[in-house]
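Numbering (the numbering used here), first residue to last: 58 to 508. All C-beta atoms, glycine included, are put in the ideal place defined by N, C-alpha and C. Data block below; observations after.
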Amino acid sequence: MTHVLERTELEAQLNDFRPDVRAAAVGELLRRHPTAPVPPAEMANMHCHTFFSFNAYGYSPTGLAWLGRSQGYQLMGIVDFDVLDGVDEFLAACDQTGVRGSAGIETRVYLPEFEQYEMNSPGEPGVLYHMGIGFATTQVGPEAAALIAELRGQSAARNQGLIERVNTHLAPVTIDYAADVLPLTPAGNATERHIVVAYLRAAETHYADAAARTRFWAGKLQMAEDAVATAMNSTAGFQNLVRAKLMKQGGVGYVQPGHDTFPPIDKLHAMILACGALPCAAWLDGTTSGEERIEELLDLLVGKGAVALNIVPDRNWDIKDPATRELKVRKLYAVVELARALDLPLNIGTEMNSFGQKLVDDFTAPALQPVRQDFIDGAYFIYGHTVLQRRAGLGYQSAWAASYLPTRRDRNQFYIGVGRAVPPGASAARLLQGVSEDMTPGQLLAHVQRG
Numbered sequence: 058m059t060h061v062l063e064r065t066e067l068e069a070q071l072n073d074f075r076p077d078v079r080a081a082a083v084g085e086l087l088r089r090h091p092t093a094p095v096p097p098a099e100m101a102n103m104h105c106h107t108f109f110s111f112n113a114y115g116y117s118p119t120g121l122a123w124l125g126r127s128q129g130y131q132l133m134g135i136v137d138f139d140v141l142d143g144v145d146e147f148l149a150a151c152d153q154t155g156v157r158g159s160a161g162i163e164t165r166v167y168l169p170e171f172e173q174y175e176m177n178s179p180g181e182p183g184v185l186y187h188m189g190i191g192f193a194t195t196q197v198g199p200e201a202a203a204l205i206a207e208l209r210g211q212s213a214a215r216n217q218g219l220i221e222r223v224n225t226h227l228a229p230v231t232i233d234y235a236a237d238v239l240p241l242t243p244a245g246n247a248t249e250r251h252i253v254v255a256y257l258r259a260a261e262t263h264y265a266d267a268a269a270r271t272r273f274w275a276g277k278l279q280m281a282e283d284a285v286a287t288a289m290n291s292t293a294g295f296q297n298l299v300r301a302k303l304m305k306q307g308g309v310g311y312v313q314p315g316h317d318t319f320p321p322i323d324k325l326h327a328m329i330l331a332c333g334a335l336p337c338a339a340w341l342d343g344t345t346s347g348e349e350r351i352e353e354l355l356d357l358l359v360g361k362g363a364v365a366l367n368i369v370p371d372r373n374w375d376i377k378d379p380a381t382r383e384l385k386v387r388k389l390y391a392v393v394e395l396a397r398a399l400d401l402p403l404n405i406g407t408e409m410n411s412f413g414q415k416l417v418d419d420f421t422a423p424a425l426q427p428v429r430q431d432f433i434d435g436a437y438f439i440y441g442h443t444v445l446q447r448r449a450g451l452g453y454q455s456a457w458a459a460s461y462l463p464t465r466r467d468r469n470q471f472y473i474g475v476g477r478a479v480p481p482g483a484s485a486a487r488l489l490q491g492v493s494e495d496m497t498p499g500q501l502l503a504h505v506q507r508g
């Protein structure tokens, strides 16, 4: 559950921007350490951003797979903003390291039916963070590739507009998107968090003197110098502060999104389905005006094709204020109960795209015990779909699954069973060699359970 782990020089190479360096590093680590240091336990983090969007600790897809092995996480999943760049690498690395893996994408969409409500993007009515999970490969068809290219292009345009506005405010500290931001990414998919890092580096270069730098930020953030000095003691906290003050609602860089800022949800769902993956709703904390209507919202999203629900548990129970904690935990239990009623498996994790977020949820926390099994079942579900789709083309969206398992409940239970029975890596390939669409789900499940 710790936030940062010590890394050897070789482990650091797992997160190098060069794919060949990452591949060589994991191969050498496995040669040196053929046995995992700890046996895998029923812990899962199925929502980890990689450095292909932004990982606060610098993890690549390969680095995350190695993290899972070294820490004994039985299941892990990546989710990146706007790209599928890490899918093949992560799933291959999970095969090597013996981790049950899944991969997905996250982006923002526009939901016209809720255009007057804030949902999981506070302050932005009609805008919804939304996901696709269970992708089997980075390689997608032309229609899906076109939408992904569109998402990447829109993101780059928003970033450059943001920088223009913030440069005007922060002058003489300015940055260039191509020269200062893109080099912080392995494949050119930058986020606001990369932009913040670039501005902090530029300020350090322009104001080498710490006192002068503090005065600069105090003026630009409209804060007292002593408050800024205190905030700067925490690199993570100060990065979040700068982002909130300058780039979020009310900041000089912020522009309120409209109905055409993000793609419509139906367009995203079409792309996800074309890839044989699973549209996945995302829940924040139940306190926004839209999420106070969560039954109506989920009914709408399920009607549009959503078959799973993403939750970030940690922000809904590990809270100091008792009243806020009680409210958030109550909302968490309620949405899990609703997901059960709607037959929506849960995709859970810590995100890892903000400094201070945990490497994995605390599955021993008393607050999580009533929902722990739902979390674990959801992780096995998405792995079960992923491994059958990769190895046999018999994933959740296949014609085979639709024919034999027409209800979500039956389909969910089947893929949970597969996820539990099928080991990761080469063992899965051997076990699934004899699987075909001529089998019934019962026959297939019996086959993998026999081993």
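Under a three-way DSSP split, which group does residue i fall into?
i: V428; result: coil
i: F108; result: coil
i: F412; result: coil
i: S178; result: coil
i: A101; result: strand
i: Q306; result: coil
i: S159; result: strand
i: H187; result: strand
i: G134; result: strand
i: N290; result: coil
i: L403; result: strand
i: V444; result: helix
i: T164; result: strand
i: D145; result: helix
i: V285; result: helix
i: P169; result: helix
i: S493; result: coil
i: G528; result: Residue 528 is absent from the structure shown; the chain starts at 58 and stops at 508.
i: T154; result: helix
i: R300; result: helix
i: F295; result: helix
i: E66; result: helix
i: P533; result: Given that the chain is displayed from residue 58 to residue 508, the structure contains no residue 533 and the question cannot be resolved.
i: P423; result: helix
i: A113; result: coil
i: A193; result: coil
i: Y234; result: helix
i: Y56; result: The question about residue 56 has no answer here: the residues shown for the chain are numbered 58 through 508.
i: L462; result: coil
With 16 as the cutoff for other CB atoms within 10 Å, does residue i come out buried or exposed?
i: Q173; result: exposed
i: A391; result: exposed
i: L451; result: buried
i: G134; result: buried
i: N102; result: buried
i: S291; result: exposed
i: T497; result: exposed
i: F192; result: buried
i: Q414; result: buried
i: E175; result: buried
i: S460; result: exposed
i: E353; result: exposed
i: R511; result: Any question about residue 511 goes unanswered here, given that the chain covers just 58 to 508.
i: V312; result: exposed
In the DSSP assignment, the beta strand (DSSP E) including residue i goes from what residue to what residue?
i: L335; result: L335 to W340
i: D73; result: D73 -> no beta strand (DSSP E), and no H or E assigned at all.
Which residues bound the alpha helix (DSSP H) around residue i?
i: Y453; result: First-last for Y453: undefined, no H or E at that position.
i: I252; result: E249 to H263
i: E85; result: P76 to R89
i: I205; result: P199 to L227
i: L488; result: A483 to L488
i: Y512; result: This structure leaves residue 512 out entirely; the chain is present only between 58 and 508.
i: G245; result: Unbroken run through G245: none, as it is neither H nor E.
i: Q128; result: P118 to Q128
i: V505; result: P498 to R507
i: A93; result: Counting along the chain, A93 falls outside any alpha helix (DSSP H), and DSSP gives it neither H nor E.
i: T271; result: A267 to L278
Three or more C-beta pairs below 8 Å linking the region 428-443 and the region 104-124: No, the region 428-443 is not in contact with the region 104-124.
Three-pair Cβ contact test at 8 Å for the region 403-416 versus the region 360-370: yes
The region 486-504 in contact with the region 439-458 per 3-pair CB rule at 8 Å: yes
contact_flag[the region 344-357, the region 82-98] where n(CB pairs < 8 Å) is 3 or more: no
Three-pair Cβ contact test at 8 Å for the region 90-97 versus the region 124-138: yes
Contained beta strand (DSSP E) runs [length at least 3] in the region 318-393, N- to C-terminal order: 335-340 and 365-368
Stretch pair the region 250-263 + the region 292-302: three plus CB contacts closer than 8 Å: Short answer: they touch.
Cβ contact (3+ pairs, closer than 8 Å) linking the region 162-171 and the region 181-201: yes
Stretch-stretch touch, CB-based, cutoff 8 Å, three pairs: the region 98-115 with the region 138-145: yes
Given 8 Å, three or more beta-carbon pairs between the region 264-275 and the region 305-317: no
Segment contact, 8 Å Cβ cut-off, at least three pairs: the region 331-345 with the region 378-394: Short answer: they touch.
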